[in-house]
Structures are given as structure tokens and as C-alpha cells.
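Here's the structure, in C-alpha cells; my notes come after.
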Amino acid sequence: MRWSTLGLVLALLGACVAQPSDSYYGDDYNSLYTPTDRTLVPVVDNRKPAFRDCKGYAPSVKEEQTPGTFVFKVEADDPDEADTIEYSFVTAASERPKFRIDAKTGVIVTAYTFDRDEPIREKEVYVTVRATDNGRPPLDDVCTFKVTIEDINDNPPVFDKAKYEESMSEDTQVNRVVMRISASDFDDGDN
Numbered sequence: 000m001r002w003s004t005l006g007l008v009l010a011l012l013g014a015c016v017a018q019p020s021d022s023y024y025g026d027d028y029n030s031l032y033t034p035t036d037r038t039l040v041p042v043v044d045n046r047k048p049a050f051r052d053c054k055g056y057a058p059s060v061k062e063e064q065t066p067g068t069f070v071f072k073v074e075a076d077d078p079d080e081a082d083t084i085e086y087s088f089v090t091a092a093s094e095r096p097k098f099r100i101d102a103k104t105g106v107i108v109t110a111y112t113f114d115r116d117e118p119i120r121e122k123e124v125y126v127t128v129r130a131t132d133n134g135r136p137p138l139d140d141v142c143t144f145k146v147t148i149e150d151i152n153d154n155p156p157v158f159d160k161a162k163y164e165e166s167m168s169e170d171t172q173v174n175r176v177v178m179r180i181s182a183s184d185f186d187d188g189d190n
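Below, the structure written as C-alpha cells:
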């Protein structure tokens, strides 16, 4: 049995190519062909993956944690049953990686030790993750969210002077302020 170019195009588009009642002219337009079998080509519906609740992502990690500390797990769903999803970061080629991601599970861990305090002052880091399916062609979705670097009490207080001296008379009244001493540290809040 010969198929026309039209039949081949219909097959590639996923349509029902031939039914016993259909007739096609061959490429020479002089011969009439009537198929005797029915051929079905499945229609492939390739849909892109989507992150679950991307706008709700608000992970945090404490400063001074060792590389490999768990931060967050991203999750994306793909409506195509046979597709698997691979996760990766979207970064500039020159950017130093601050996190690592497991391509299969979406688990994000630290890639180095963050310092929220002076001199680095990393209080937040924006991350963009891509979820790519294995469809043909591969489709993807991206999700950008902020990772907050939480402060820990890792800096000792420092006095504003190296030495304090003040004189007062013997008859100074009780509860009178003689001198003010001040100390501070680089940690936020009461840390």
C-alpha cells in the first residue's frame, strides 16, 4: 500500500490517518489508493511543569551554618504522566554559587557559610530555580524567591572606649550619674 504525502503529514500530526472508507490520490495524482487498515497515532500533549505555591516560598537559614545545611525543598508538578522533572538554578556564569540543589528531589542546601554581620552583611539572597521536564521538546517553569539569612548571637559586645576614667567628689549625691558606658555588637536586635 502506498501513502500520499497528505497521509504522512496527518500521521505526524497525530490524526487518524486512514479509515477503510477513505481514499487518497498518490503523489502522481493519477492513482487512487484506498487503505484497508486503520492506523491511529497517539496525540502527544506536552504541557510544562509548574511550581507548587512559588509565591508562598519563604525559606530561611541561620548564618554561620556549615555548607550542606538544609534550606528548603522546591516542588513542581508536571501534568504529563510520563515526564520526570529535573531542578537547576538559573544563575549568571560568573556568579559564585551560594546554594546547591538536588536535581531529582529539589532539596536546596547551603554551598558555603553565610555571614549576616559586618563586613559581608548578607541578610537575604534571591534564588531562581528552574524545573525542566523530559518531554520533546523539554518545557520548563522558573520560580524566584527570597532566602532570609537569620542572625545568631555570634559577636561579642565591644565598648565604645578602650578605657573609662571619671572623677567625683566624696559628697556626690546617691543615684547621681557619674559616667555613661556604652557597648554594642554587630548582631541584630537583642542578640
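Take 0 as the starting number for the sequence shown in numbering that gives the first Met the number 0 and just add one per residue. Yeah, the Cβ is synthetic: ideal placement off N, Cα and C, and Gly gets one too.
Inset, instruction - Check whether the Cβ atoms of Lys145 and Glu123 lie closer than 8 Å to each other. - result: Position 146 of the sequence shown holds residue 145. Position 124 of the sequence shown holds residue 123. Result yes, Cβ atoms of Lys145 and Glu123 sit closer than 8 Å.
Inset, instruction - Give the DSSP-derived three-state secondary structure of Lys54 in the structure shown. - result: To locate residue 54, count along the sequence shown from 1; it is residue 55. In the three-state reduction of the DSSP assignment, Lys54 falls in the helix class.
Inset, instruction - Return the Cβ separation of Gly105 and Tyr86 in integer angstroms, given the expectation that the two are a contact with Cβ distance under 8 Å. - result: Taking the first residue of the sequence shown as position 1, residue 105 is located at position 106. Taking the first residue of the sequence shown as position 1, residue 86 is located at position 87. So it is a contact: roughly 5 Å between Cβ atoms.
Legend entry - Contact set for Lys160: own chain, Cβ-Cβ below 6 Å, skip 5 residues either direction: The residue labelled residue 160 in the question sits at position 161 within the sequence shown. Nothing meets the Cβ criterion.
Inset, instruction - Assign Arg115 to one of two classes, buried (16 or more other C-beta atoms within 10 Å of its C-beta) or exposed (fewer than that). - result: As a working mapping, residue 115 is identified with position 116 in the sequence shown. With a 10 Å radius around the Cβ and a threshold of 16 neighbouring Cβ atoms, Arg115 comes out buried.
Inset, instruction - Using three-state DSSP, classify Gly13 as helix, strand or coil. - result: The sequence position of residue 13 within the sequence shown is 14, counting from 1. For Gly13, the pLDDT reaches just 46, beneath the cut-off of 50, and the residue's location in the model is therefore unreliable, although a value from the coordinates is still provided. If DSSP states are grouped into helix, strand and coil, Gly13 belongs with coil.
Inset, instruction - Could you tell me which of Arg129, Pro58, Glu117, Arg135 sits nearest to Ala81, measuring between CA atoms? - result: Here residue 81 refers to the residue found at position 82 when the sequence shown is read from its first residue. Ranking Arg129, Pro58, Glu117, Arg135 by Cα distance to Ala81 puts Arg135 first.
Inset, instruction - State the DSSP-derived secondary structure class of Phe113, mapped to helix, strand or coil. - result: Taking the first residue of the sequence shown as position 1, residue 113 is located at position 114. Of the three classes helix, strand and coil, the one that applies to Phe113 here is coil, per DSSP.
Inset, instruction - Whole angstroms is fine: what's the gap from Ala57's alpha carbon to Thr147's? - result: Indexing the sequence shown from 1 puts residue 57 at position 58. Indexing the sequence shown from 1 puts residue 147 at position 148. Ala57 and Thr147 have their C-alpha atoms spaced approximately 8 Å apart.
Legend entry - Beta-carbon proximity list for Asp139, same chain, < 8 Å, skipping 5 on both sides: Mapped onto the sequence shown, residue 139 falls at position 140. Lys47, Pro48, Arg129, Ala130, Thr131, Asp132, listed in sequence order.
Inset, instruction - Kindly list the residues whose CB is nearer than 6 Å to the CB of Asn190, restricted to its own chain and excluding five residues on each side of it in sequence; keep chain order. - result: Taking the first residue of the sequence shown as 1, we reach residue 190 at position 191. Here the set comprises Asp150, Asn152.
Inset, instruction - Would you kindly work out how many angstroms separate the C-alpha atoms of Thr65 and Thr112, rounded to a whole number? - result: The residue given as residue 65 occupies position 66 in the sequence shown. The residue given as residue 112 occupies position 113 in the sequence shown. Cα to Cα, the separation comes out at about 6 Å.
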